[in-house]
Amino acid sequence: LRGGKNMIIDVHTHVHKYPEQFTKEMAEAFMIKGTKRKAWFAPERNWRIEDCDFALTDLIKHMDESGVDKACILPFHAKPFKTNVPNEWAAEQIEKYPDRLIGIANCDPIGGLKAVKEIDKAIDKFGFRGVKLFLTYEKLKLNDKRIWPVWERIQELDVPVLVHTGGFSPRPTAPSEWQNPTLLDEVGNAFPDLKLVMCHSGHTWYQQAAMICSYYDNFYLETAYWEPIMPMELNVRSLVLFKYLGLINRVLFGSDWKWASQERAIRMYKKIPAECKRMGLEPSITDEDINGILGGNAAKLLGIA
Ligand SMILES: [Zn+2]
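Numbering (my numbering), first residue to last: 87 to 391.
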């Protein structure tokens, strides 16, 4: 394992069993029904619903092959799709590779006291380091007031919370507009100390995500699933904008494994400084910026030495 500054940390991966945890309903929602079962988000890959079994051993193998030191595991939770990957089960998986894996808790975002207790248990008992709220998967708008008690508790615990932003979630679910990063302005206002990570940086709404992030020093931008769906040019331009707004040290690498490849994403990031120079963009993205994105920034946020 690399230490400190050059560590590679993937803050966004999934491990679960199909169909017991990640259900058939959920898997089908990720695929385009009736069109040769192609996944709408990656039609070239010809996903089959059976591929939705994301094994821990596969993750570790892929991490080893791509040079990823540590990965955060985000267990799915989506009531409308009867999907729940229990925190307990995730904790058991993490115990097998405690120096490679970091637990991120799930809960019912509008579960009130029960959700708060679930988060407390995951942080205190299992040693998880953050929370992921699956909001539009639960048919919730990012600024739904029923989530307030859960935001409140996460802020008190002083751990990061990851939320999905951008037009990208299983169909049919909530309207895309419900995951517009600008809705998080209300959350930032109400919870000034909440460490909030915008998963996917809003995808094509990356400019909106960057603007919101620039209002709140405790907000972060995360890049999961950028490599497969965003052309290189947009990957470069987005980082240039993030740096221009002073946010480059709050950008975190995520892959969204197993939906996407860690190895391909890392290769893409390493090309960015040269590509940025070739495109003649300012401020230029340096190797140091990339090292921060690939791990240094996450190490600071997650308290990993
Ligand atoms: Zn994901």
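No residue lacks a Cβ here, since even glycine has one placed at the ideal position from N, Cα and C.
Taking residue i as the reference, give the member of the options with the closest Cα.
{"i": "I379", "options": "G216, V202, V249, V154", "result": "V154"}
{"i": "W234", "options": "L248, E272, Q265, V245", "result": "E272"}
{"i": "E308", "options": "F339, I196, R353, L327", "result": "F339"}
{"i": "F305", "options": "P317, V245, Y183", "result": "V245"}
{"i": "V217", "options": "P369, D373, H98", "result": "H98"}
{"i": "A260", "options": "A115, F108, F140", "result": "A115"}
{"i": "T290", "options": "S300, A276, T268, M112", "result": "T268"}
{"i": "F108", "options": "L228, S262, I188, Y223", "result": "Y223"}
{"i": "I209", "options": "M316, D194, I188, Y301", "result": "I188"}
{"i": "D144", "options": "P172, W343, L270", "result": "W343"}
{"i": "L333", "options": "F277, A296, E263", "result": "A296"}
{"i": "D303", "options": "E319, E313, D279, T169", "result": "D279"}
{"i": "L367", "options": "K386, M354, G389, S324", "result": "S324"}
{"i": "L331", "options": "V247, I371, A176", "result": "I371"}
{"i": "R232", "options": "E242, G197, L248", "result": "G197"}
{"i": "G389", "options": "K156, K147, I135, Y292", "result": "K156"}
{"i": "I315", "options": "L387, Y301, W345, Q179", "result": "W345"}
{"i": "W133", "options": "E204, K147, A113", "result": "A113"}
{"i": "D139", "options": "D373, K110, Q294, K182", "result": "K110"}
{"i": "S347", "options": "D137, M149, P105", "result": "M149"}
Using the three-state DSSP reduction, which class does residue i fall into: helix, strand or coil?
{"i": "M112", "result": "helix"}
{"i": "T169", "result": "strand"}
{"i": "M284", "result": "strand"}
{"i": "E106", "result": "coil"}
{"i": "C158", "result": "strand"}
{"i": "T99", "result": "strand"}
{"i": "E368", "result": "coil"}
{"i": "W264", "result": "helix"}
{"i": "K356", "result": "helix"}
{"i": "K407", "result": "The structure shown has nothing for residue 407, since the chain only spans 87 to 391."}
{"i": "L270", "result": "helix"}
{"i": "L331", "result": "coil"}
{"i": "N92", "result": "helix"}
{"i": "A346", "result": "coil"}
{"i": "G382", "result": "helix"}
{"i": "M117", "result": "strand"}
{"i": "K218", "result": "strand"}
{"i": "Y301", "result": "helix"}
{"i": "I390", "result": "coil"}
{"i": "L325", "result": "helix"}
{"i": "L145", "result": "helix"}
{"i": "L243", "result": "helix"}
Does the distance between the C-beta of residue i and the nearest non-hydrogen atom of ligand 1 fall short of 8 angstroms?
{"i": "C285", "result": "yes"}
{"i": "Y311", "result": "yes"}
{"i": "L160", "result": "yes"}
{"i": "D137", "result": "no"}
{"i": "W133", "result": "no"}
{"i": "D144", "result": "no"}
{"i": "H250", "result": "yes"}
{"i": "H163", "result": "no"}
{"i": "D303", "result": "no"}
{"i": "W264", "result": "no"}
{"i": "H98", "result": "yes"}
{"i": "W345", "result": "yes"}
{"i": "D342", "result": "yes"}
Am I right that residue i and residue j are in contact with their C-beta atoms under 8 angstroms? What's the rounded C-beta distance?
{"i": "A384", "j": "I95", "result": "4 angstroms"}
{"i": "K190", "j": "I159", "result": "The residue you asked about is not Lys; residue 190 is Ile in the sequence shown. I190 to I159, Cβ: 6 angstroms. Contact."}
{"i": "V322", "j": "M365", "result": "6 angstroms"}
{"i": "F212", "j": "H250", "result": "Not a contact, Cβ separation roughly 22 angstroms."}
{"i": "E313", "j": "R350", "result": "5 angstroms"}
{"i": "P369", "j": "V326", "result": "7 angstroms"}
{"i": "G274", "j": "Y301", "result": "6 angstroms"}
Excluding the 5 residues preceding and the 5 following residue i in the sequence, name in chain order all residues of the same chain whose CB lies nearer than 6 angstroms to its CB.
{"i": "T121", "result": "With a pLDDT of only 43 at T121, under the threshold of 50, the placement of this residue in the model should not be trusted, and no figure is reported."}
{"i": "V171", "result": "H102, Q107, P161, F162"}
{"i": "K227", "result": "W264"}
{"i": "V202", "result": "R239"}
For residue i, which residues of its own chain have a beta-carbon under 8 angstroms away from its beta-carbon, when the five flanking residues on both sides are left out?
{"i": "E263", "result": "none"}
{"i": "V247", "result": "G216, V217, K218, L219, W237, I240, L280, K281, L282, V283"}
{"i": "I298", "result": "P267, T268, L270, D271, G274, M284, F305"}
{"i": "R123", "result": "The predicted model places R123 with a pLDDT of 49, which falls under 50 and marks its position as unreliable; any figure quoted below should be read in that light. If we look at R123 and ignore the five residues flanking it on each side, its Cβ neighbours are M117, N132, W133, R134, I135."}
Which residues in the same chain as residue i place their Cβ atom closer than 7 angstroms to its Cβ, once the five residues preceding and following it in sequence are excluded?
{"i": "A164", "result": "M112, F220, Y223, E224"}
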